Amino acid sequence: MVEATEAVSGQGATSLAWIVAVLPFIAFFLIVGFGKKLPGKGTELGIVAVGAGWVMSLAILWHFVTGGAPTESAVGWFEVGGFRLEIGQAVDGLTAVMLVVVTSVSLAVQVYSLGYMHGDSRFTWFYSMLSLFTAAMLNVVIANNLFQLLIGWEVMGFCSYALIGHWWEEKVNSDSAIKAFITTRTGDIPFLFGIFALVSATGFATNNIGEITEMAENGDISTFWLTAGALLLFGGAIGKSAQFPLHVWLPDAMAGPTPVSALIHAATMVAAGVYMVGRMYAVFVHADPFVLVLVSAIAGITMLIAALLAMVQDDIKRVLAYSTVSQLAYMVAGLSLGEAGYTAGLFHLFTHAFFKALLFLGSGSVIHAVHSNNMSEMGGLRRHMPITFWTFVIGAGALAGIPPLAGFWSKDEIITLAFKEGHYVVWAVAMGTAVVTAFYMSRAVLLTFFGEYRGQGHPHEAPATITGPLVALAVAAASVGFIGAPQLGAPFGDWVFFGEAHAEPFSYGFAAISIVGAVLGLVAGYRLYARWRERDPLRALGPAYALLENKYFLDDIYLRGIVRPIQYRLSAAVDWSNRVILDGIVHAFAYLARGLSAVVHVFDQRAVDGAVNGVAQLTGESGGLLRYLQSGNVQRYAAFLFIGVAALAFVFTRF
Numbered sequence: 001m002v003e004a005t006e007a008v009s010g011q012g013a014t015s016l017a018w019i020v021a022v023l024p025f026i027a028f029f030l031i032v033g034f035g036k037k038l039p040g041k042g043t044e045l046g047i048v049a050v051g052a053g054w055v056m057s058l059a060i061l062w063h064f065v066t067g068g069a070p071t072e073s074a075v076g077w078f079e080v081g082g083f084r085l086e087i088g089q090a091v092d093g094l095t096a097v098m099l100v101v102v103t104s105v106s107l108a109v110q111v112y113s114l115g116y117m118h119g120d121s122r123f124t125w126f127y128s129m130l131s132l133f134t135a136a137m138l139n140v141v142i143a144n145n146l147f148q149l150l151i152g153w154e155v156m157g158f159c160s161y162a163l164i165g166h167w168w169e170e171k172v173n174s175d176s177a178i179k180a181f182i183t184t185r186t187g188d189i190p191f192l193f194g195i196f197a198l199v200s201a202t203g204f205a206t207n208n209i210g211e212i213t214e215m216a217e218n219g220d221i222s223t224f225w226l227t228a229g230a231l232l233l234f235g236g237a238i239g240k241s242a243q244f245p246l247h248v249w250l251p252d253a254m255a256g257p258t259p260v261s262a263l264i265h266a267a268t269m270v271a272a273g274v275y276m277v278g279r280m281y282a283v284f285v286h287a288d289p290f291v292l293v294l295v296s297a298i299a300g301i302t303m304l305i306a307a308l309l310a311m312v313q314d315d316i317k318r319v320l321a322y323s324t325v326s327q328l329a330y331m332v333a334g335l336s337l338g339e340a341g342y343t344a345g346l347f348h349l350f351t352h353a354f355f356k357a358l359l360f361l362g363s364g365s366v367i368h369a370v371h372s373n374n375m376s377e378m379g380g381l382r383r384h385m386p387i388t389f390w391t392f393v394i395g396a397g398a399l400a401g402i403p404p405l406a407g408f409w410s411k412d413e414i415i416t417l418a419f420k421e422g423h424y425v426v427w428a429v430a431m432g433t434a435v436v437t438a439f440y441m442s443r444a445v446l447l448t449f450f451g452e453y454r455g456q457g458h459p460h461e462a463p464a465t466i467t468g469p470l471v472a473l474a475v476a477a478a479s480v481g482f483i484g485a486p487q488l489g490a491p492f493g494d495w496v497f498f499g500e501a502h503a504e505p506f507s508y509g510f511a512a513i514s515i516v517g518a519v520l521g522l523v524a525g526y527r528l529y530a531r532w533r534e535r536d537p538l539r540a541l542g543p544a545y546a547l548l549e550n551k552y553f554l555d556d557i558y559l560r561g562i563v564r565p566i567q568y569r570l571s572a573a574v575d576w577s578n579r580v581i582l583d584g585i586v587h588a589f590a591y592l593a594r595g596l597s598a599v600v601h602v603f604d605q606r607a608v609d610g611a612v613n614g615v616a617q618l619t620g621e622s623g624g625l626l627r628y629l630q631s632g633n634v635q636r637y638a639a640f641l642f643i644g645v646a647a648l649a650f651v652f653t654r655f
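Throughout the sequence shown, residue numbering follows our numbering, covering 1 to 655 in sequence.
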């Protein structure tokens with residue numbers, strides 16, 4: 001029952017942050033209900049909703065740029081057995097940054113989809129799901145409590161399933177959607193238990209994120225419960241943000257339309273896991289130190305194995321997909337470095353959103369032109385698609401860590417901090433991954449845009465609805481890194497502060513090492529792929545190449561060692577229970593019914609029919625007597641009268 005409702009209060013634009021999330025949610029219902037009747041088939045509703053949210057997000061971020069304070073407010077709450085369930089918002093610097101990221105990328109994707117998805121048979125439905133997907137992520141961003149966050153978290157899971165399988169007529173698409181749904185739900189199981197663990201640790205007093213954070217900092221929650229909660233919550237991040245060993249779903253998610261890939265990889269779904277760790281950071285920091293050690297180990301494994309897999313892909317979107325897995329691991333590695341790494345990890349989340357969205361939308365522009373995902377069927381496209389080429393190069397440079405592009409500042413900060421904090425293994429793995437990243441992006445650019453065209457169609461530059469978002473994202477990928485540049489005061493750390501904001505001083509020595517590593521990767525890529533060869537030069541690696549080509553056989557292990565045994569045993573168990581238990585119960589009831597019917601038949605014939613027949617016979621005989629008495633014969637009546645009078649006379653004279 002709704003116990004009370006509070007007016008939303010706050011300072012300036014922050015009090016209206018909830019509207020940013022509500023607008024695309026409303027757009028979803030309007031597009032579903034009326035989209036097909038509108039001139040733009042519902043696109044105008046989605047674009048206007050996200051565009052308005054983007055403007056509001058910039059105003060909210062400006063509040064913190066100018067030194068504004070965080071605010072929190074509740075729209076309403078429910079009392080369930082004394083436990084309060086809120087519907088509210090918490091707006092701080094991290095919220096503001098993520099609102100800008102989500103709305104910026106979503107707006108670019110929605111405009112881009114005008115050209116890319118034009119003519120699709122489910123065009124209106126596609127736009128409705130984009131709006132719902134965006135609304136769910138925005139709800140995660142503004143949620144001031146764990147259960148509200150969980151709702152957005154799970155709605156995103158449904159939206160990703162629907163959008164990855166948008167072209168479900170092809171089995172590979174539906175299989176990829178199912179794989180993504182099941183894998184991420186696997187991670188959601190510990191995530192849900194983590195929420196319950198933390199709420200239980202408060203004595204079921206609250207599920208408010210701010211209150212749980214304060215209790216963790218004040219020591220009001222035991223280390224045991226903080227450790228359990230952190231480990232379980234991180235299980236959700238492993239599934240959502242595609243970390244080892246649940247990373248296998250994300251590359252297959254490329255089966256969906258390219259705009260969906262950009263939205264998933266840059267601003268929603270996978271960003272949610274990293275954001276959640278940042279939002280619940282007090283729980284991780286104040287838990288047993290083993291938790292952050294485990295987080296860094298998972299991050300180190302993930303970033304390297306994913307980067308190596310990106311080297312051998314022919315599908316351009318799969319190259320970028322494995323790159324996303326690797327870069328997400330960079331963010332997780334940054335967060336694993338403690339409070340000092342908090343800003344670094346979230347800064348890479350911020351910059352990565354722009355250049356990864358740019359790269360995916362750029363790959364979509366190429367695919368749209370050549371009608372193939374395979375780089376072996378591309379080549380020479382820089383002459384036919386100059387805007388796509390230059391914007392893609394900017395995105396690739398940012399990802400490879402080339403200064404002064406955005407990725408250099410955020411990635412370099414993580415690498416430098418790992419060494420300075422004494423995490424030498426993390427530093428070594430991150431440096432090695434940076435070299436591999438530069439290599440596979442050099443390979444992708446050369447195979448796609450240089451040499452001679454190897455495809456069948458006639459490539460051409462994409463329309464303005466596609467190139468416009470590419471240019472806008474390229475500008476962002478080239479400039480947003482300066483927000484965290486130490487030479488400029490690194491204001492980003494002040495916006496997303498956790499405790500005291502930490503900004504690592506710029507080190508020219510470490511920066512030089514990072515640049516040298518990136519250059520080595522680029523040079524190696526150029527030496528191997530400057531000219532096209534039918535046989536991939538990396539095949540010379542022999543068994544190592546086969547291992548990478550088969551994705552470390554992890555998919556086979558999961559399928560044959562987990563999925564099929566469970567599937568077959570489960571199906572066998574279901575079949576047995578159906579035949580033995582359910583059919584047995586049905587047959588037992590059938591036999592019982594037959595027995596009862598026999599008893600009823602006998603009872604009906606002997607008892608019921610006998611009683612009815614007896615009554616009928618008695619009625620007939622009594623009716624015959626009455627017919628005899630009531631015959632209408634006057635002489636008979638006179639005789640009966642005489643007999644009756646004589647009998648009465650006898651009785652009175654006798655007694």
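Think of the CB as a built atom: it goes at the ideal place given N, C-alpha and C, for glycine as much as any other residue.
This structure is a prediction, so every number in the text was calculated from the model and none was measured.
Worksheet item: Is the segment 52-63 close to the segment 111-125, with three or more CB pairs under 8 Å?
Response: no
Worksheet entry | Alpha-carbon spacing of Gly422 relative to Pro289, whole angstroms | About 15 Å.
Practice prompt. Helix, strand or coil for Val91, going by three-state DSSP, please let me know.
Written response: strand
Practice prompt. In angstroms with no decimal places, state the Cα-to-Cα distance between Arg443 and Phe392.
Written response: Counting only the Cα atoms, Phe392 lies some 13 Å from Arg443.
Practice prompt. Look at the Cβ atom of Trp153, then the Cβ atom of Ala197, and state whether they are nearer than 8 Å.
Written response: No; because the gap between Cβ atoms is not below 8 Å, this pair is not in contact.
Fill in: Identity of the residues DSSP links to Leu359 by a beta bridge
Beta-bridge pairing links Leu359 to no other residue.
Fill in: Buried versus exposed call for Pro257 [16 or more other C-beta atoms within 10 Å across all chains shown]
buried
Item to complete: Look up Ala647 in the DSSP assignment and say whether it is helix, strand or coil.
Response: When secondary structure is reduced to three states using DSSP, Ala647 falls in the helix class.
Practice prompt. With DSSP collapsed to three states, give me the class of His410.
Written response: Strictly speaking, residue 410 in this sequence is Ser, with His absent from that position. Helix, per DSSP.
Discussion item. Suppose the cutoff is 7 Å on Cβ atoms and the five residues either side in sequence are ignored; what does the same chain contact list for Gly53 look like?
Written reply: Val20, Leu23, Pro24 and Thr103
Item to complete: Note down, in chain order, each residue of its chain lying with its Cβ closer than 7 Å to the Cβ of Gly455, except the 5 sequence neighbours on either side.
Response: Val370, Ser372, Glu377 and Met378
Worksheet item: Would you report the Cα separation of Ser9 and Gly229, rounded to the nearest angstrom?
Response: Annotation note: pLDDT 40 at Ser9 (below 50); position unreliable, coordinate value reported separately. If you take the alpha carbons of Ser9 and Gly229, they lie about 31 Å apart.
Worksheet item: Under 8 Å between the Cβ atoms of Phe191 and Gly219?
Response: Not closer than 8 Å, so no.
Worksheet entry | Opposing strand residues paired with Leu85 [DSSP bridges] | Phe78
Item to complete: Starting from the C-beta of Gly659, find all residues in its chain whose C-beta is less than 6 Å away, skip the five residues before and the five after it, and write them out in chain order.
Response: The shown model of the chain, from 1 to 655, leaves out residue 659, and the question about it has no answer.
Item to complete: Starting from the C-beta of Leu45, find all residues in its chain whose C-beta is less than 6 Å away, skip the five residues before and the five after it, and write them out in chain order.
Response: Ala27, Leu30 and Ile31
Worksheet item: Tell me which same chain residues have a C-beta within less than 7 Å of the C-beta of Gly468, skipping the five on either side of it?
Response: Excluding positions up to five away in sequence, the list reads Val111.
Worksheet item: For Thr14, which residues from the same chain have a beta carbon less than 6 Å from its beta carbon, with the 5 sequence-adjacent residues on both sides left out?
Response: Ile60, His63, Thr71 and Val91
Fill in: Distance, Lys411 Cα to Val332 Cα
12 Å
Practice prompt. In angstroms with no decimal places, state the Cα-to-Cα distance between Ile298 and Val325.
Written response: 12 Å
Fill in: Terminal residues of the alpha helix (DSSP H) in which Met375 lies
From DSSP, Met375 is part of no alpha helix (DSSP H); its letter is neither H nor E.
Worksheet entry | Proximity of Ile164 and Val248 at Cβ, strictly below 8 Å | One thing to note: Ile164 has its Cβ no nearer than 8 Å to the Cβ of Val248.
Worksheet item: Since Ala477 contacts Ile394 with CB under 8 Å, what's their CB separation in whole angstroms?
Response: 6 Å
Fill in: Cβ pair Tyr281, Tyr330 closer than 8 Å
no
Discussion item. Whole angstroms are fine: how far does the CA of Glu214 sit from the CA of Met254?
Written reply: The straight-line gap separating the alpha-carbon atoms of Met254 and Glu214 is approximately 40 Å.
Practice prompt. Check whether the segment 515-523 touches the segment 434-443, taking contact to mean three or more Cβ pairs, one atom from each stretch, closer than 8 Å.
Written response: Between the segment 515-523 and the segment 434-443, the count of C-beta pairs closer than 8 Å reaches three or more; the two stretches touch.
Worksheet entry | C-alpha distance - Trp18 paired with Gly88, whole-angstrom precision | 8 Å
Fill in: Sub-8 Å separation of Val105 and Ala266 beta-carbons
With contacts defined as CB atoms closer than 8 Å, Val105 and Ala266 qualify as a contacting pair.
Worksheet item: Which of helix, strand or coil does DSSP assign to Asn550?
Response: coil
Worksheet item: Exposed or buried, which one is Phe553 when buried takes at least 16 other CB atoms within 10 Å?
Response: It is exposed - the Cβ of Phe553 has fewer than 16 other Cβ atoms within 10 Å.
Worksheet item: For the alpha helix (DSSP H) that Asp175 lies in, which residues bound it at each end?
Response: It spans Lys171 to Ala201 - the alpha helix (DSSP H) in which Asp175 sits, taken as one unbroken run.
Practice prompt. Check whether the segment 312-325 touches the segment 354-365, counting contact only when three or more Cβ pairs, one atom from each stretch, lie closer than 8 Å.
Written response: yes
Worksheet item: According to the neighbour-count rule (16 or more other Cβ atoms, all chains shown, within 10 Å of its Cβ), is Val295 buried or exposed?
Response: Looking at its Cβ environment, which holds 16 or more other Cβ atoms inside 10 Å, Val295 is buried.
Worksheet item: In three-state DSSP terms, what is Asn578?
Response: helix
Worksheet item: Taking 8 Å as the CB-CB limit, is Val429 close to chain D?
Response: In the displayed structure, chain D is absent; only one protein chain is listed.
Worksheet item: When you compare only the Cα positions, how much space is there between Val445 and Leu328?
Response: 22 Å
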